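J.:
Residue numbers (this note's numbering): 7 to 603.
1) Excluding the 5 residues preceding and the 5 following residue 491 in the sequence, name in chain order all residues of the same chain whose CB lies nearer than 7 Å to its CB.
2) What residue range does the alpha helix (DSSP H) around residue 144 cover?
3) Just reading off the beta strand (DSSP E) that residue 103 is part of, what are its end residues?
4) Give the secondary structure of residue 317 by DSSP, where H, G and I count as helix, E and B as strand, and everything else as coil.
5) Kindly provide the ranges of any beta strand (DSSP E) runs that are 3 or more residues long and lie completely inside the region 313-373, ordered along the chain.
6) When we look at the beta-carbon of residue 269 and count the other beta-carbons within 10 Å, is it buried (16 or more) or exposed?
7) Go through the region 37-100 residue by residue and report every complete run of the beta strand (DSSP E) that reaches 3 residues or more, in order.
8) Check for me: the alpha helix (DSSP H) holding residue 619 runs from which residue to which?
9) Given this structure, state the Cα-to-Cα distance separating residue 482 from residue 476, to the nearest angstrom.
10) Kindly indicate which three-state DSSP category residue 170 falls into: helix, strand or coil?
11) Quick check: what's the CA-CA separation for residue 401 versus residue 547?
12) Quick check: the Cα distance between residue 350 and residue 201, rounded to an integer number of angstroms?
13) Using CA atoms only, rank isn't needed, just tell me which of 479, 325, 90, 220 is closest to residue 281.
14) Evaluate residue 195 with the Cβ neighbour count: other Cβ atoms within 10 Å of its Cβ, from every protein chain shown; 16 or more gives buried, anything less gives exposed.
15) Restricting to Cα atoms, I'd like to know which of 602, 454, 296 is closest to residue 265.
16) Mind checking whether residue 242 and residue 208 have CB atoms under 8 Å apart?
17) Does DSSP put residue 586 in a helix, a strand or coil?
18) What residue range is occupied by the uninterrupted alpha helix (DSSP H) comprising residue 9?
19) Are the CB atoms of residue 5 and residue 101 nearer to each other than 8 Å?
20) Where residue 82 and residue 364 are concerned, what is the direct C-alpha to C-alpha distance, given to the nearest angstrom?
21) In this structure, what does DSSP give as the bridge partners for residue 130?
22) Would you grab the beta carbon distance between residue 229 and residue 337 for me? Rounded to a whole angstrom, and I think it's under 8 Å.
23) So, residue 606 versus residue 193, is the Cβ gap smaller than 8 Å?
24) Considering only C-alpha positions, which residue in the set 573, 328, 67, 427 is nearest to residue 377?
25) Need the endpoints of the beta strand (DSSP E) that residue 135 sits in, please.
26) Report the partner residues of residue 29 according to the DSSP bridge assignment.
27) State yes or no: is the C-beta of residue 199 within less than 8 Å of the C-beta of residue 339?
28) Using a threshold of 8 Å, state whether the C-beta atoms of residue 127 and residue 136 are closer than that.
29) Thinking C-alpha only, which one of 394, 172, 149, 166 is nearest residue 183?
30) Helix, strand or coil: which one does DSSP assign to residue 284?
31) Smallest Cα separation from residue 313: which of 335, 321, 290, 286?
32) Return the Cβ separation of residue 167 and residue 95 in integer angstroms, given the expectation that the two are a contact with Cβ distance under 8 Å.
33) Could you tell me the distance, in whole angstroms, from the CA atom of residue 157 to the CA atom of residue 178?
34) Nearer than 7 Å: is that true of the beta carbon of residue 519 relative to any heavy atom of the ligand FAD?
35) What residues match up with residue 458 in a beta bridge as DSSP calls it?
36) So what does DSSP say about residue 259, is it helix, strand or coil?
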């Protein structure tokens, strides 16, 4: 057996696991691991400019490719800075490995530099327990090969998610004679399949439905199940509606794509799902955004709609709606088995001639007409919908678009069509500001031959804009698009809708809109930057940025005033309103009374 330091064991394992990038910021707590990485040329160390971004970068890499990488940070504040990024990955079930430094085992409790010790010694893993699948703090170097195996297994099997290794500095430096095994030697292959009897029950229910709807969640994309999803939908002529995380599960120019479901979604998706007699949910958690806070008849009406729910996580079955059939299984395997069982019950249908398909076509046309007002507007400052239309026209069909929180996130969901899985990356369940820029860098590292566009509002961009420097240092051709409305636009819209007034949402200086000149900031980072103010300037500017061959930024000045600054409002979201806003509270209570919770 070779003699390796703890840090070398970690590096050796990562290489055997196929990891090609590690991202983070060095510090004394993780120096030894970083030094070991230098001896492994297959590991590319990506130097970010804030530890939160290291986690987002690793997250974006996984979302774009399905292959996990590692992030690293030092002890104390460096480690703590990763928590927002790790939580974002955890909520959306995205795999990543976080390596953080920890005090020497023999110094624990002494209050060494950057130690958290007042409650318990070397206490940082407790911080991570609620936002990772599992966290480890090995106390001896001999434990590291086993810990790395367990961490990789936890991260990649079942429902994916982030894992955390808190590495004492002496454990990193100590050595032992060990054999480091790669994942192929301890993780089995294959997919978990559903119970055959339950599949037959679901098939009969689905085949007998008059108004079935499929809800495609993020689990479809995680399981690489888009082909199986579309095949089943085409067999019976079932419309497919998508959640935030499910966008891209079906090509959005497919005849059976009925657009999105939930709050800030589509009228077509909500109408079809709310009036379905059978709902087949695949990898969907039915969170409030996707289910319009469970208000009956808005996005879903379960019951009386019968729910068939497929999820790899048992605790998600029946959590928010009662099920007629619950299938605990991998989405790809379950859809394949269900399609086969449906084929035994009924042959493929000629659904294009049916009245239900005619209704789908009509509802989609009505939704398109609703979108057309903002999308085709020539006003200045322009609507975000018009800017999004111009952006889509300038990008390849297979381009990857990355968004974080805000109006941009909703506009991209509603009006930016994507055609493949893993081409729409967004901070879904945690809706994290600051996700967009570093996640897009991770996506470009994962898919170097694809166009990657980081599209965000100015509020989101200001959280992690320093990371455009990472793209500059690496000469990584990421397109950064900033929709600038001088404020936190989505929060402003929500405050106006619920309270009729706003607080702390507009960026003002002496009462006037205030904003940095982001295109000039790009210049200072050494990358091309261009500011546009007219709708017909957007697409040419995007094409010039793409033609530059490296990272580039386009700043788009967009509308600040509502309603033109916002999205096409659909669905329902339960935001409690106090009594002193009487009219809004009355409307709120009426909606709340219809919630199925």
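Using N, Cα and C, we set each Cβ at its ideal position, and we do this for glycine too. This one's a predicted model, so the numbers in the text were calculated from it and none came from an experiment.
T.: If we stick to the structure as given:
1) For the purposes of this step, residue 491 is identified with residue 485 of the chain shown, where counting begins at 1. The answer, listed in chain order, is 463, 464, 564, 565, 566, 571.
2) On the chain shown, residue 144 is found 138 positions in, with the first residue counted as 1. Neither: residue 144 is in no alpha helix (DSSP H) and is coded neither H nor E.
3) Counting from one through the chain shown, the residue named residue 103 turns up at place 97. Run containing residue 103: 102-108, per the beta strand (DSSP E) assignment.
4) Looking up residue 317 in the chain shown gives position 311. If DSSP states are grouped into helix, strand and coil, residue 317 belongs with the strands.
5) 331-334
6) By 1-based counting over the chain shown, the position of residue 269 is 263. With 16 or more other Cβ atoms within 10 Å, it is buried.
7) 50-53, 76-79
8) With the chain covering only 7 through 603, there is no way to say anything about residue 619.
9) Indexing the chain shown from 1 puts residue 482 at position 476. Indexing the chain shown from 1 puts residue 476 at position 470. Each residue's alpha carbon lies about 8 Å from the other.
10) Within the chain shown, residue 170 is the residue found at index 164, counting from 1. Three-state DSSP puts residue 170 in a strand.
11) Here the question's residue 401 lines up with position 395 in the chain shown. Here the question's residue 547 lines up with position 541 in the chain shown. About 12 Å.
12) The sequence position of residue 350 within the chain shown is 344, counting from 1. The sequence position of residue 201 within the chain shown is 195, counting from 1. The alpha-carbon atoms of residue 350 and residue 201 are separated by roughly 17 Å.
13) Taking the first residue of the chain shown as position 1, residue 281 is located at position 275. Taking only the C-alpha atoms, the option nearest residue 281 is 220.
14) As a position in the chain shown, residue 195 is number 189, starting the count at 1. Result: exposed.
15) Residue 265 sits at position 259 when you count from the first residue of the chain shown. Nearest option by C-alpha distance: 296.
16) Working through the chain shown from its first residue, we reach residue 242 at position 236. Working through the chain shown from its first residue, we reach residue 208 at position 202. No, Cβ-Cβ distance for residue 242 and residue 208 is not below 8 Å.
17) As a working mapping, residue 586 is identified with position 580 in the chain shown. Three-state result, residue 586: coil.
18) What you label residue 9 is simply residue 3 of the chain shown in a count that begins at 1. Element bounds for residue 9: not the alpha helix (DSSP H) but the beta strand (DSSP E), 9-11.
19) With the chain covering only 7 through 603, there is no way to say anything about residue 5.
20) In the chain shown, counting from the first residue as 1, residue 82 sits at position 76. In the chain shown, counting from the first residue as 1, residue 364 sits at position 358. Residue 82 and residue 364: Cα-Cα distance of roughly 60 Å.
21) Within the chain shown, numbered from 1, the residue matching residue 130 stands at position 124. The partner list for residue 130 (beta bridge, DSSP) is empty, contrary to what the question assumes.
22) Sequence index remark: in the chain shown, residue 229 carries index 223 (1-based). Sequence index remark: in the chain shown, residue 337 carries index 331 (1-based). Right, their Cβ atoms sit about 4 Å apart.
23) Nothing about residue 606 can be reported from this structure: the residues present for the chain run from 7 to 603 only.
24) Numbered from its first residue, the chain shown carries residue 377 at position 371. Comparing Cα-Cα distances from residue 377 to each of 573, 328, 67, 427, the minimum goes to 573.
25) Mapped onto the chain shown, residue 135 falls at position 129. Per DSSP, residue 135 belongs to no beta strand (DSSP E) and is neither H nor E.
26) Against the chain shown, residue 29 aligns to sequence position 23. Partner(s): 52, 77.
27) Against the chain shown, residue 199 aligns to sequence position 193. Against the chain shown, residue 339 aligns to sequence position 333. Going by C-beta atoms, residue 199 is nearer than 8 Å to residue 339.
28) The residue labelled residue 127 in the question sits at position 121 within the chain shown. The residue labelled residue 136 in the question sits at position 130 within the chain shown. No; because the gap between Cβ atoms is not below 8 Å, this pair is not in contact.
29) Stepping through the chain shown from its first residue, residue 183 is reached at position 177. Looking at the Cα atoms, 149 is the closest of the given residues.
30) Start at 1 with the first residue of the chain shown, and residue 284 comes out as number 278. DSSP places residue 284 in strand when its eight states are reduced to three.
31) In the chain shown, counting from the first residue as 1, residue 313 sits at position 307. It is 286 whose Cα lies nearest to the Cα of residue 313.
32) As a working note, residue 167 is residue 161 in the chain shown. As a working note, residue 95 is residue 89 in the chain shown. Correct: roughly 7 Å between the Cβ atoms.
33) The residue given as residue 157 occupies position 151 in the chain shown. The residue given as residue 178 occupies position 172 in the chain shown. Roughly 17 Å separates the two Cα atoms.
34) The ligand content of the structure shown is nil, which means the ligand FAD is not present either.
35) The residue you call residue 458 lines up with position 452 of the chain shown. Answer by DSSP bridge pairing, in chain order: 406.
36) In the chain shown, the residue the question calls residue 259 occupies position 253. Looking at residue 259 - three-state DSSP - the assignment turns out to be coil, as it is neither helix nor strand.
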